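*Asks:*
Numbering (our numbering), first residue to last: 6 to 271.
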């Protein structure tokens with residue numbers, strides 16, 4: 006190799022190599038510090054596109070799961086009111102039976118009627134119960150609940166018109182105007198409403214479990230694409246550090262080579 010002083014080819018080559026090594030070192034440092042494998046779209050354009058879509062799906066899945074959870078809470082609250090209504094109706098049927106006892110005095114029957122009126126008032130109050138401002142009971146469905154991230158499936162909550170179911174009870178002014186058959190029919194209707202409520206609540210709970218499984222799978226899939234393999238990357242980082250140190254030393258050595266020419270002409 007010719008000994009020249011105007012052009013230091015060795016130094017230029019060493020500088021270029023060092024520049025590439027330091028760029029790789031900085032990128033590796035970024036991956037380790039952020040935990041993200043894809044620091045720039047150019048690192049993995051296809052992987053980035055898939056990761057972005059998966060992250061969007063995860064957010065939708067989380068929102069749907071929150072909605073399903075709220076719907077379950079709505080049904081649980083509704084069932085609590087239905088159960089209480091059933092308990093009240095059972096007590097009213099008991100009072101009606103006691104009221105018919107020929108050994109009871111007029112005063113006894115008056116007391117039974119007082120309790121009946123209080124229970125009837127509570128039954129009426131239950132028909133107006135709400136969950137976060139939404140009526141628990143009505144003649145129309147409260148709406149449909151989407152149960153999948155892509156919105157392809159939903160559950161239409163059934164209407165539960167407690168007011169109509171117990172109107173024959175709340176419309177009575179006294180136990181004397183009420184028949185056992187009327188009360189037992191109301192009890193059966195409320196029990197049927199609870200069965201529908203339970204069936205829909207069961208489905209929503211299974212849907213909620215499936216959403217949790219989907220979230221876990223989406224997170225795992227996205228992690229494989231977007232997350233840094235710390236073990237592998239730390240090994241690469243150590244390698245780039247050594248190469249950077251070696252490159253720096255060799256660049257210094259290459260820069261010193263023209264000094265030999267100076268000695269020859271000195």
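Glycine is no exception: its CB is placed at the ideal position from the N, C-alpha and C atoms. From a predicted model like this one, the values you see are computed outputs, not experimental measurements.
Let's test the definition: count the other Cβ atoms within 10 Å of the Cβ of residue 73 and tell me whether it reaches 16, buried, or not, exposed.
*Replies:* buried
*Asks:* What three-state label does DSSP hand residue 162 in the structure shown?
*Replies:* strand
*Asks:* Report yes if the CB atom of residue 145 is closer than 8 Å to the CB atom of residue 151, and no otherwise.
*Replies:* no
*Asks:* Nearest to residue 245 by alpha carbon, out of 54, 13, 31 and 12?
*Replies:* 31
*Asks:* Just to confirm before moving on: does the CB-CB distance between residue 262 and residue 15 stay below 8 Å?
*Replies:* Yes, the pair counts as a contact, with Cβ atoms nearer than the cut-off.
*Asks:* Does residue 156 come out as helix, strand or coil in the three-state DSSP assignment?
*Replies:* coil
*Asks:* Output the distance between the C-alpha atoms of residue 184 and residue 101, rounded to the nearest integer angstrom.
*Replies:* 8 Å
*Asks:* When you compare each of 86, 227 and 114 to residue 61 by their alpha carbons, which one comes out closest?
*Replies:* 227
*Asks:* Distance cutoff 8 Å, beta carbons only. Does residue 72 sit that close to anything in chain B?
*Replies:* Reference to chain B is not applicable here, since this structure consists of a single protein chain.
*Asks:* To the nearest whole angstrom, what separates the beta carbons of residue 36 and residue 221, a pair I think is in contact under 8 Å?
*Replies:* Their Cβ separation, rounded to whole angstroms, is 24 Å, which puts residue 36 and residue 221 out of contact at 8 Å.
*Asks:* How far does the beta strand (DSSP E) with residue 151 in it extend, from its first residue to its last?
*Replies:* 148-151
*Asks:* Quick check: what's the CA-CA separation for residue 136 versus residue 97?
*Replies:* The C-alpha of residue 97 is placed about 27 Å away from the C-alpha of residue 136.
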